Each structure stands twice: as structure tokens, then as C-alpha cells.
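Following my numbering, the residues of the sequence shown are numbered contiguously, the last one being 214.
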Amino acid sequence: MRRWRSSAFPSRAERAARGTLGEHEAARTLRRAGYKILVRNYATRWGEIDIVCRHEHTLVFVEVKTRAADALARPASAVHRSKQRRLIRTAQAYVQELGDPSIPQRFDIVEVLLHDDGRAECTLIPHAFTVDG
């Protein structure tokens, strides 16, 4: 069956492995930028947030998007408005669990481009989107 599958359409296992690698590289990038990782893969019935962290006095919800370096579109372009709404709702659940809605919050994206030679290129996009759109 493998011979019928195009490399342009990776299997579910390949996508999962790529995503795990991307999240690992993103976490490393965030730590280097001074973020403190609090939770990885926080999930509710509304969705999942890849990484929850603190940067200075702000609670930051991070969406990680990983693609092959030769992908046609930037990874962040996959975080469309409906995905943003799910992330916002999931973040609200996290804040509700904390019991302190006054904590400053923001949404960042980390784009991870995986090169054929094994290198990972990460781009941190702070304030990628807001609750208001």
C-alpha cells in the first residue's frame, strides 16, 4: 500500500512524529527566549494547547506548527480563525482552573521548518492573534 501513497501526503504516524519533533524544538526555542514552560499538551473538550508557559508576568498560550522546509505556505497560515477560537476557549478553561482571570495573557505561534538535513528552523511569533481577532 505504501507505493500508492505520495510523500507529499505523509502518514498519520509520520505527521505525529513530525509534530512531536516540532514541539520539542519549539520548547527549546521558548526556553532560550526566556519563557518558562508550565504545561505541554493541555487538552479540554474544546481543543488542545501545545505549550502553556510564562514569559515575564504574562501567561502565554503557544500553538506550534511544523512543516517541511519546502512547504508552499508558512506554518502559521494554518492557524485560521476557527482554530484561534478553539485555542481561545481552551485557554479560558486553563485560566478558569487557575482561578485568576486577571493574569495578563497572550497567544504566540512557533513555526518550525524541518529541513532535509535534519535541521529545525524555529520562528517565534509573539502576539500572533488576540481574543478580539
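Glycine included, C-beta positions come from ideal geometry on N, C-alpha and C.
Since the structure is predicted, the reported quantities are computational estimates derived from the model, not experimental observations.
Buried or exposed by the 16-neighbour rule on C-beta atoms within 10 Å, applied to A98:
exposed
From R148 to V133, what does the alpha carbon distance come to, in whole angstroms?
21 Å
Reduced DSSP category for T211 - H, G, I as helix; E, B as strand; rest coil:
coil
Classification of K117 by the beta-carbon crowding that lies within 10 angstroms, buried from 16 upward:
exposed
Please classify L179: is it buried, with 16 or more other beta-carbons within 10 angstroms of its beta-carbon, or exposed?
exposed
Mapping the DSSP letters down to three states, classify I169 as helix, strand or coil.
helix
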